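Novice: Going by this note's numbering, the final residue of the sequence shown carries number 250, and the count climbs one at a time with no gaps.
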Amino acid sequence: MSGLLEGKVSLITGAGAGIGAAVARRFAAEGAVLWLNDLNPTALEAIVAETGGRGLAGNMSDSAFATHWVNEAAAQHGRIDVLYNNVGVSRTGLIGELSDEDWRFQQQLTLDTVFFATRAALRHMERQRRGSIVSISSGAGIGGQYRLGGYAAAKAGVISLMETVATEYGHLGIRANSLTPGPTATEPLLEYLKNQPGGVAAHTADLNLARLSEVEEIASTVAWLASDEASNVSGICLQCNIRSASRRPT
1 MSGLLEGKVS LITGAGAGIG AAVARRFAAE GAVLWLNDLN PTALEAIVAE
51 TGGRGLAGNM SDSAFATHWV NEAAAQHGRI DVLYNNVGVS RTGLIGELSD
101 EDWRFQQQLT LDTVFFATRA ALRHMERQRR GSIVSISSGA GIGGQYRLGG
151 YAAAKAGVIS LMETVATEYG HLGIRANSLT PGPTATEPLL EYLKNQPGGV
201 AAHTADLNLA RLSEVEEIAS TVAWLASDEA SNVSGICLQC NIRSASRRPT
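(1) Any idea what DSSP makes of N195, helix, strand or coil?
(2) Taking C-alpha atoms, which residue in I159, L94 and E72 lies nearest to N86?
(3) Does DSSP put I236 in a helix, in a strand, or in coil?
(4) Determine the extent of the beta strand (DSSP E) in which T180 is found, giving its start and end residues.
(5) Within its chain, find whatever has a CB closer than 6 Å to the CB of Q107; leave out the 5 residues flanking it on each side and keep chain order.
(6) Within 9 Å (strictly less), CB to CB, does A219 reach chain C?
(7) When DSSP labels each residue in this structure, what does G131 get in the three-state scheme?
(8) Under 8 Å by Cβ, that's how I've got I12 and T184 pegged, so tell me the actual separation to the nearest angstrom.
(9) Three or more beta-carbon pairs under 8 Å between the segment 166-182 and the segment 127-145, yes or no?
(10) Measuring CA to CA, which of N59, V48, S227 and E45 is closest to L39?
(11) Entirely within the segment 48-74 and at least 3 residues each: give me those beta strand (DSSP E) ranges in chain order.
(12) Using the Cα positions of E30 and I236, report the straight-line distance between them to the nearest angstrom.
(13) Looking at S178: is its Cβ nearer than 9 Å to the Cβ of E163?
(14) Could you please give me the residues that DSSP links to T184 through a beta bridge?
(15) Going by DSSP, which residues form a beta bridge with N85?
(16) Provide the residue(s) that pair with G93 in DSSP beta bridges, ordered along the chain.
(17) Between which two residues does the beta strand (DSSP E) harbouring D38 extend?
(18) DSSP puts L11 in a beta bridge; with which residues?
(19) When you compare each of Y146, T118, H124 and S220 to V165 by their alpha carbons, which one comes out closest?
(20) Tell me the DSSP secondary structure of L207 in three-state form.
(21) Would A22 pass as a contact of E216 if the rule is Cβ separation under 9 Å?
(22) Do you know how far the Cα of N37 is from the Cα of D62?
(23) Taking A223 and L4 to be in contact with their CB atoms under 8 Å, please state how far apart those CB atoms are, rounded to whole angstroms.
(24) If I measure Cβ to Cβ from T186 and keep anything under 6 Å in the same chain, skipping five residues before and after, which residues do I get?
(25) Could you pull the DSSP bridge partners for R243 from this structure?
Written as structure tokens, this is what we have:
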């Protein structure tokens, strides 16, 4: 690797599996100093051991824990250079069918987690007058998505939150961006598609790349957005492997 993040104190939520774990591995390979989080202590211990990072297990939708997690990183490392917000969860159902609990669960895990960690990190980045925040969103957050209304609303909120942070804190040297990974070959999605008509092929037929994104590809994009290579990039939502406006010819 090129040392893209050499020495940068980098905070990653949801680092125990899937895209979050891939980002942790890529950041480690690029020389970052890792401070990690996952709700699952066993998963966190495994990725900490693999990458040589450190961190705390806990629920990022708990404001007090999220603030403590961020502050502990700053206390141990003296600064915060990068925050990558990876936590998110969906529940399917038509808007009229979603329960109060379904709605709040998705907002808490998908949007509140980003807000709490970002707010806490900004207090340190503002003092430093430097920092990069990257948050994962979803194509569902752009234009909505059938039976994913609660998730789509939360992911749209993530995009807007990053745009607002970029507007409010850019003059202090703080950048904020989001990205939509496109359908990605994580274990949960692959397991889900096994039981869907047409499987992976049907799910990817109208994607621009006509395939699933790989977690390592998303990790590369996150690393670039977080790094000084993207020093003048702020306030964007980078869309990866989006669905075509019309289906590809057969």
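Every residue, glycine too, gets a C-beta built ideally from N, C-alpha and C. Computed from a predicted model, the values in this text were never measured in an experiment.
Specialist: A quick look at the data gives this:
(1) coil
(2) Ranking I159, L94 and E72 by Cα distance to N86 puts I159 first.
(3) coil
(4) In the DSSP assignment, T180 falls within the unbroken beta strand (DSSP E) covering I174 to T180.
(5) Within the same chain, Q107 has close Cβ partners A154.
(6) Chain labels in this structure do not include chain C; a single protein chain is all it has.
(7) For G131, the secondary structure class from DSSP, reduced to helix, strand or coil, is strand.
(8) In this structure, I12 and T184 do not form a Cβ contact; the two beta carbons are roughly 16 Å apart against a cut-off of 8 Å.
(9) yes
(10) Closest option to L39, judged by alpha-carbon separation, among N59, V48, S227 and E45: N59.
(11) 54-57
(12) 23 Å
(13) yes
(14) S213
(15) S135
(16) Beta-bridge pairing links G93 to L148.
(17) V33 to D38
(18) W35 and L83
(19) Across the set Y146, T118, H124 and S220, the C-alpha of T118 shows the shortest separation from the C-alpha of V165.
(20) strand
(21) yes
(22) 13 Å
(23) 6 Å
(24) G18
(25) L207
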